[in-house]
Amino acid sequence: MDYKDLADLIFPDAKPIEYYEEKYPARDLKEGAIVTRFAPSPTGFVHIGGLYQSLIAKKLAKQTEGVFFLRIEDTDQKREIKSAVSGITAALKQFKLEPDEGMISENEEKGKYGPYKQSERKAIYQSYAKHLIELGKAYPCFCSPEELDQIRKKQETAKIRPGYYGVWAKCRNLTVEEAIAKIKNGEKYIIRFKSNGREDRKIQHHDMIKGKVDFPENDQDIVIIKADGLPTYHFAHVVDDHLMHTTLVIRGDEWLSSMPLHLQLFHEMGFKPPKYAHIAPIMKNDNGNKRKLSKRKDPEAAVSYYEEAGIPEDAVNEYLLNIANSNFENWRRANPDKSLDDFTLQLNKMSVSGALFDMVKLLDIGKTVISRYTAERVYDEALAWAKQYDPELQKMLEEDSAYSLKVLGIERGNKKPRKDIAKWSDLKQNIDYMYDDIFYSQQHDYPYQVIKNPEDINKILELYIQKYYNDADDKQTWFDKIKDLSGEMGYAREVKEYKQNPEKYAAHVGDVSTVLRVALTSRTNTPDMYEIMQILGKDRITKRFYAAKIATGANTAENKNEEDLKKKLKK
RNA sequence: GGCCCCGUGGUCAAGCGGUUAAGACAUCGCCCUUUCACGGCGGAGACAUGGGUUCGAUUCCCGUCGGGGUCACCA
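Quick note, the numbering used here runs 366 ahead of the 1-based positions in the first sequence.
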């Protein structure tokens with residue numbers, strides 16, 4: 367009896383590997399095209415790091431006219447979560463990172479190198495495992511988890527390197543006859559790779575990001591097929607990336623230390639290994655310690671966090687690109703209007719160590735990104751967000767979309783656009799005072815500053831609305847009139863004039879503006895008041911002044927009668 | 001603990017044997033300005049540490065310290 371008999375006994379129905387080698391021929395791509403992938407396990411949580419990897423993968427594939435595909439690594443059935451795949455495909459779609467090939471929804475896929483879900487590739491892995499057994503490079507192991515545990519404990523107490531290797535690999539030296547007898551006897555087993563590596567020898571590997579890395583050879587007889595018949599990550603990776611003709615594996619650097627194993631596997635199976643790019647994880651500062659962004663502790667680790675907060679996808683992508691290649695920032699400044707697709711990403715410019723996640727910076731990018739949007743785009747994106755997360759904002763925006771567009775257009779499209787919205791969840795409080803329903807339903811405290819005497823305030827408001835304000839005025843005229851009003855009140859017409867002779871005046875034109883602004887919006891800070899007034903129009907301005915007067919409770923001749931004012935307000 | 005990777009301002013980072021050690025975010029001040037935001041100008045702020053090598057080290061080598069990763073029938 368020989369290896370072939372053993373292999374046939376274990377995998378009687380497995381096809382010869384030639385079948386698959388023919389079924390998945392080399393890809394017809396131009397020289398230098400990168401075939402790469404995102405290969406997450408469906409745990410029901412899309413990590414920002416996964417997005418980062420996908421962004422890099424997709425960009426590189428695109429830049430080289432290669433292929434970016436999505437493969438689902440669901441070989442651990444214990445961890446599997448329902449509809450996690452659609453979560454992943456939806457996230458990629460949302461961030462404009464759709465794969466060229468692979469899974470495109472929970473159960474649909476496209477491309478000729480599938481199936482793209484590992485659980486559906488069981489027969490393929492078994493063929494290759496069988497092949498390895500036939501070559502004497504893999505063997506059944508009958509050790510139970512309990513036995514393995516004992517071995518490990520022994521090794522630990524003896525302070526020797528733990529693992530299944532050398533003399534510890536009991537089943538490695540079973541004869542074919544012994545193995546066959548055990549199997550026929552119904553003993554449970556898994557399949558292990560028979561390593562010919564030596565721990566005292568070094569291998570050198572060139573990683574596309576980390577550069578030269580030295581490791582001892584792998585001498586562990588790792589499991590390749592588990593008790594449930596599915597492969598372990600290592601084996602699936604090698605088989606899949608060979609068959610799918612991956613040229614570049616981009617993955618987190620937690621995999622760096624299994625490099626020797628993977629290279630060995632590729633070599634022993636007679637496959638050409640892909641290139642590897644191990645990217646540093648995004649970190650978080652936790653009380654002075656750096657650690658990986660954790661799905662359990664850090665809400666910002668989840669891609670859904672950004673969606674819920676309403677941070678534009680573009681901002682997240684730009685931030686991530688920024689971490690990936692620091693020259694992105696310069697490029698962006700030089701090309702503010704170009705598409706992200708026009709930026710050329712370079713792997714060798716990626717940092718070898720993990721960057722601390724910087725929410726402040728992300729938000730800053732968010733502000734810049736949104737400041738470049740047109741009012742229409744702000745409207746569309748904010749509305750889409752509001753529909754999901756903020757019904758009140760949705761109502762505001764939808765009730766009179768033409769009006770909302772005007773509001774969103776304040777100081778937009780200028781050379782120096784406003785940058786006061788970093789995320790859609792900021793928007794409501796930014797513009798709600800422009801909506802009468804909301805404005806009048808709120809309690810306001812009218813924080814007047816320098817001029818706070820009710821009589822002065824009321825006089826300013828009365829004079830302004832009766833004598834000075836005109837919807838038809840252009841901005842210069844409008845402001846000149848506020849100066850005129852300041853003069854009539856005995857204040858300085860110019861701030862400079864006031865500053866030169868502060869003792870001469872009680873206030874200046876800026877203070878008068880503040881009175882108008884506060885009466886109008888109940889805020890001290892707003893965007894350009896001229897634009898606000900233009901949008902509001904004289905009637906609504908007048909009404910707001912009535913409301914302000916009631917709030918100040920002053921007894922001037924005209925509004926002795928508060929009831930009268932309220933009546934006016936109702937009109 | 002073994003093995004591997006990494007260590008430039010608060011953060012992200014240029015730099016690759018000779019630099020006044022870029023830039024961005026954050027921070028502080030000034031200017032612009034009817035407020036805020038924007039914008040402009042300026043300030044403060046860094047090569048973990050000890051030894052080498054060298055005419056000269058942030059750059060190269062070794063040690064120390066610090067951080068991270070990995071040692072599963074999880075990926």
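We put the CB at the ideal spot given by N, CA and C, even for glycine. None of the values given here were measured: they were computed from a predicted structure.
**Study point:** Neighbour-count burial assignment, ALA524, 16 or more Cβ in a 10 Å radius
**Key:** exposed
Check your understanding: DSSP state of GLN570, grouped into three classes?
Key -> In the structure shown, the three-state DSSP call for GLN570 is strand.
Point to revise | Run of the beta strand (DSSP E) containing ILE556, from where it starts to where it stops | key: 556–559
Practice item. Quick one: using the 10 Å Cβ neighbour count with 16 as the cut-off for buried, is SER471 buried or exposed? Key: That one is exposed.
Practice item. With DSSP as the reference, label ASN925 as helix, strand or coil. Key: Unreliable positioning characterises ASN925 in this predicted model, as indicated by a pLDDT of 47, which lies under 50. A coordinate reading is not provided.
Point to revise | Host beta strand (DSSP E) of GLU474 (start-end) | key: GLU474 -> no beta strand (DSSP E), and no H or E assigned at all.
**Study point:** Cut-off 7 Å between Cβ atoms - residues of its own chain near ALA450, not counting five sequence neighbours on either side
**Key:** PRO408, THR409, GLY410
**Study point:** Per-residue burial, SER510 [other beta carbons within 10 Å of its own, 16 or more giving buried]
**Key:** exposed
Point to revise | Alpha carbon of VAL533 to alpha carbon of ALA681, nearest angstrom | key: 55 Å
Exercise for review: Identify every residue that forms a DSSP beta bridge with ILE438.
Suggested key: LYS483
**Study point:** Which residues DSSP lists as bridging ASP580, in chain order
**Key:** GLN570
Exercise for review: Take VAL816 and list the residues in its own chain whose beta-carbon comes closer than 6 Å to its own, dropping the five residues that flank it on each side.
Suggested key: ALA873, ASP877
Check your understanding: Nearest to ASP348 by CA position, among ILE490, ALA675, ALA535, is which residue?
Key -> The structure shown does not extend to residue 348, since the chain is modelled only from 367 through 937, so no value can be given for it.
Review point. Mapping DSSP to helix, strand and coil, what is ALA504?
Key: Residue state, collapsed to three classes: strand.
Point to revise | Unbroken stretches of the alpha helix (DSSP H), 4 residues or longer, contained in the segment 705–742 | key: 725–737
Point to revise | Nearest-angstrom Cα separation, counted from LEU375 out to ILE546 | key: 8 Å
Exercise for review: Rounded to whole angstroms, what's the CA-CA distance from MET716 to LEU426? Just pull it up for me.
Suggested key: 13 Å
Point to revise | Option in TYR835, LEU722, GLN443 with minimal Cα separation from ASP594 | key: GLN443
Point to revise | Segment limits, beta strand (DSSP E) that includes THR402 | key: 401–404
Check your understanding: In terms of residues, what are the limits of the alpha helix (DSSP H) holding TYR386?
Key -> 383–389
Review point. Helix, strand or coil: how does DSSP classify TYR745 here?
Key: Under the three-state reduction of DSSP, TYR745 is assigned to helix.
Point to revise | 7 Å CB neighbourhood of LEU763 in its chain, flanking five on each side removed | key: Counting only Cβ-Cβ distances below 7 Å, and skipping sequence neighbours, we find TYR745, ALA748, LEU749, ALA752, SER770.
**Study point:** Separation of ILE616 from LYS638, as counted between CA atoms
**Key:** 17 Å
Review point. What is the residue span of the beta strand (DSSP E) that MET649 lies within?
Key: 649–652
Exercise for review: Let me know if TYR318 comes out buried or exposed under the rule of 16 or more other beta-carbons within 10 Å of its beta-carbon.
Suggested key: Because the chain is modelled from 367 through 937, residue 318 falls outside the range shown and cannot be assessed.
Review point. Which stretch, first to last residue, makes up the beta strand (DSSP E) that contains ASN655?
Key: 655–658
**Study point:** ILE575 versus ILE689 - alpha carbon distance
**Key:** 14 Å
**Study point:** Start-to-end residues for the alpha helix (DSSP H) that takes in VAL604
**Key:** 599–609
Review point. According to DSSP, is LYS519 helix, strand or coil?
Key: helix
**Study point:** GLY532, DSSP secondary structure in three states
**Key:** helix
Check your understanding: Which residue from ILE499, THR430, ARG567 puts its Cα closest to that of PHE377?
Key -> When ILE499, THR430, ARG567 are compared, the shortest CA-CA separation from PHE377 is found for ILE499.
**Study point:** Host alpha helix (DSSP H) of GLU553 (start-end)
**Key:** Counting along the chain, GLU553 sits inside no alpha helix (DSSP H), nor does DSSP assign it H or E at all.
Review point. Leaving out five residues before and five after TYR599 in sequence, what residues of the same chain have Cβ atoms less than 8 Å from its Cβ?
Key: GLU439, THR441
Review point. So what does DSSP say about ILE526, is it helix, strand or coil?
Key: In this structure, DSSP gives ILE526 a state outside helix and strand, which the three-state scheme calls coil.
Check your understanding: Are the CB atoms of SER561 and ASP580 nearer to each other than 8 Å?
Key -> no
Check your understanding: Are ALA495 and ILE648 touching if we call contact CB-CB under 8 Å?
Key -> Going by beta carbons, ALA495 and ILE648 fall outside the 8 Å limit.
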